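Below is one structure, written out as structure tokens; comments come after it.
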Amino acid sequence: MPVSESRVTFPPAFLWGAATSAYQIEGAVREDGRTASIWDTFSHTPGRTAGGDSGDIAVDHYHRYRDDVALMAELGLTAYRFSVSWPRVQPTGRGPAVQRGLDFYRRLVDDLLAHGIRPAITLYHWDLPQELEDAGGWPQRDTAFRFAEYARIVGEALGDRVEQWTTLNEPWCSAFLGYGSGVHAPGRTDAAAALRAAHHLNLAHGLGAVALRSAMPARNTVAVSLNSSVVRTVSQDPADLAAGRRIDDLANGVFHGPMLHGAYPETLPTATSEITDWSHVQDGDLATIHQPLDALGLNYYTPALVSAVSETGSSGPRADGHGASAYSPWPGADDVLFHQPPGQKTEMGWSIDPTGLHELIMRYTREAPGLPLYVTENGAAYDDKPDPDGQVHDPERIAYLHGHLSAVRRAITDGADVRGYYLWSLMDNFEWAYGYEKRFGAVYVDYTTLARTPKSSAHWYGRAARTGELPPAEG
1 MPVSESRVTF PPAFLWGAAT SAYQIEGAVR EDGRTASIWD TFSHTPGRTA
51 GGDSGDIAVD HYHRYRDDVA LMAELGLTAY RFSVSWPRVQ PTGRGPAVQR
101 GLDFYRRLVD DLLAHGIRPA ITLYHWDLPQ ELEDAGGWPQ RDTAFRFAEY
151 ARIVGEALGD RVEQWTTLNE PWCSAFLGYG SGVHAPGRTD AAAALRAAHH
201 LNLAHGLGAV ALRSAMPARN TVAVSLNSSV VRTVSQDPAD LAAGRRIDDL
251 ANGVFHGPML HGAYPETLPT ATSEITDWSH VQDGDLATIH QPLDALGLNY
301 YTPALVSAVS ETGSSGPRAD GHGASAYSPW PGADDVLFHQ PPGQKTEMGW
351 SIDPTGLHEL IMRYTREAPG LPLYVTENGA AYDDKPDPDG QVHDPERIAY
401 LHGHLSAVRR AITDGADVRG YYLWSLMDNF EWAYGYEKRF GAVYVDYTTL
451 ARTPKSSAHW YGRAARTGEL PPAEG
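If you read the sequence shown in the working numbering, its first letter stands for residue 1, the second for the next number, and so on.
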């Protein structure tokens, strides 16, 4: 199906989905046996989130899931990616499951299937049980084994009706924003701990994949979702290229190296040798991490533009992450500067560049030939407000989606095996350290009444899902 200027069509089996995560939408943080996660603790710590916001209520999906599923069906979505709340299922991160917690996800999955929507489960979207953090968190090796136990529990409970599984979502954020820059939970600022956390998240992925496969039918697929960066340099100067390589190692290779190839980038230990001796990598770990994947999820929002620090010591931002911090999320890269890429920007201040998504997809088409790919997150935050008639028009988001979905289609034409796209996000929600200030949703949520109103982008995307063809960008 060729891509033309007038028509952008997708393969018939292409999945048209939307994505959410548990802490951002569920609420009900103290119901049915759920205990605190690191994000409950973090968001209730003064100064950690915008406006002191938390996910205590979020958008109350826990009580409104049936209406939300019906809305997905009305829009025409064919898939829904959501995460399971670890402390809702296993409150201490150890021991037997709380069946009341699992029952919520059983009901949700059954309702999705009844509406013809394919469920896709992410096991970990950043809500580590607080008791495991108190025991050391992701820098502690045992956390990876606790994750495998949790994966087995959920796989046994839902593997008979959910075929698509993802172990981790964006482990880079968990490791480097959570333990390096401290702008995400648990809010620690320790470069060595961040690197240990990265390895133990990798190990958790490998152990979790083994546990899932032992607990589920063979037809089910196991994947991981990486927020791999498209790293570009301001020039071809050798110093800038070296800076780009260092960030590529820390953004991408630190995770896809062990997962896809069974090894860390050769240059990574040297670049971080003053921070850690990598003795936390034990014999057999890399083989455990290097489990065969059935698919790879790619999350993309914006490219990174970097350079080396000039000889004159020119100043610039030294850290690129989700929020401001005096600490860098890039261990061993203090001599790298981040620059604002050119072009239009979203409300997050992120450059809009669909070519980066095409570049990312084609990279992993080469990096892991034959491995099916999904865009598991892509979207934009805008300052959406209802019109006097109560409707929410967001032409900027429609243009964003048209551009990025067109990039996906170009990648398919260029030989990439991309099988689905999950819009981030289904609806406005708790946006981590930004609280409720940033709206990524295709569905507007009134945070006072919690009423849902599909934005014009939701109707546009639903039309694409129903027809397999992108409507005009003007909606």
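The beta-carbon is built from N, C-alpha and C at its ideal position, and this holds for glycine as well. Bear in mind that the values here come from a model prediction, so they are computed numbers and not experimental data.
Taking the Cβ atom as the reference point for each residue, do residue i and residue j lie within a distance shorter than 9 Å?
i, j, result
"Thr167", "Gly208", "yes"
"Asn202", "Asp285", "yes"
"Glu26", "Ser85", "yes"
"Arg118", "Thr78", "yes"
"Asn299", "Thr20", "no"
"Gly116", "Ala185", "no"
"Ala380", "Tyr301", "yes"
"Ala480", "Ala242", "Residue 480 is absent from the model: the chain starts at 1 and stops at 475."
"His125", "Ala22", "yes"
"Trp138", "Tyr105", "no"
"Gly159", "Ala114", "no"
"Leu357", "Ala407", "yes"
"Leu195", "His256", "no"
"Gly420", "Gly17", "yes"
"Ala58", "Gln24", "yes"
Give the C-beta separation of residue i and residue j to the nearest angstrom, bearing in mind that I take them to be a contact with Cβ-Cβ under 8 Å.
i, j, result
"Ile87", "Ala36", "Reading off the sequence, residue 87 comes out as Pro, not Ile. Rounded, the Cβ-Cβ distance is 7 Å, consistent with contact."
"Arg81", "Ala120", "4 Å"
"Ala211", "Gly155", "7 Å"
"Arg161", "Val109", "6 Å"
"Thr376", "Ser225", "4 Å"
Could you spell out the range, first to last residue, of the beta strand (DSSP E) harbouring residue i?
i, result
"Leu296", "Leu296 to Asn299"
"Ser225", "Thr221 to Leu226"
"Trp165", "Gln164 to Asn169"
Of the residues the options, which one's Cα is nearest the Cα of residue i?
i, options, result
"Lys455", "Thr467, Ala442 and Ala465", "Ala442"
"Gly206", "Gly93, Ile398 and Ala287", "Ala287"
"Phe14", "Arg409, Tyr434 and Tyr444", "Arg409"
"Pro342", "Ala411, Ser328 and Arg232", "Arg232"
"Ala38", "Gln340, Pro91 and Trp424", "Rather than Ala, the amino acid found at residue 38 in this sequence is Ile. Ranking the options by Cα distance to Ile38, first place goes to Pro91."
"Ala197", "Trp165, Trp278 and His61", "Trp278"
"Thr346", "Glu367, Arg94, Asp383 and Val8", "Asp383"
"His393", "His358, Tyr364 and Trp460", "Trp460"
"Ser229", "Ala465, Ala368, Asp249 and Phe104", "Asp249"
"Trp424", "Glu274, Asn169, Asp60 and Ser328", "Asn169"
"Leu75", "Ser457, Ala473, Pro472 and Glu469", "Ser457"
"Val69", "Leu112, Leu226, Ala157 and Phe440", "Leu112"
"Val254", "Trp330, Ala295 and Asp387", "Trp330"
"Asp53", "Tyr447, Thr467 and Pro258", "Tyr447"
"Ala465", "Leu405, Asp127 and Ala451", "Leu405"
"Tyr422", "Arg463, Asn378, Ala451 and Asp237", "Asn378"
"Asp335", "Gln391, Glu149 and Ile247", "Ile247"
"Phe338", "Gly244, Gly370 and Asp353", "Gly244"
Since residue i sits in a beta bridge, which residues does DSSP pair it with?
i, result
"Glu479", "With the chain covering 1 to 475 only, the question about residue 479 has no answer from this structure."
"Gln282", "According to DSSP, Gln282 bridges with nothing at all."
"Phe476", "Since the first and last residues shown for the chain are 1 and 475, residue 476 lies out of range."
"Ser83", "Thr122"
"Pro129", "Ser37"
"Gly420", "Leu15 and Tyr374"
"Met504", "Nothing can be reported for residue 504: it is not among the residues displayed for the chain, which extend from 1 to 475."
"Arg232", "Leu305"
"Thr453", "Tyr444"
"Glu469", "Thr9"
"Tyr382", "Arg439"
"Ser351", "Lys345"
Quick check on the DSSP output: the alpha helix (DSSP H) that includes residue i runs from which residue to which?
i, result
"Tyr65", "His61 to Leu75"
"Arg213", "Ala191 to Ala215"
"Met362", "Pro354 to Glu367"
"Ala157", "Asp142 to Leu158"
"Glu266", "Glu266 -> no alpha helix (DSSP H), and no H or E assigned at all."
"Leu401", "Pro395 to Thr413"
"Val109", "Gln99 to Ala114"
"Ile57", "Counting along the chain, Ile57 falls outside any alpha helix (DSSP H), and DSSP gives it neither H nor E."
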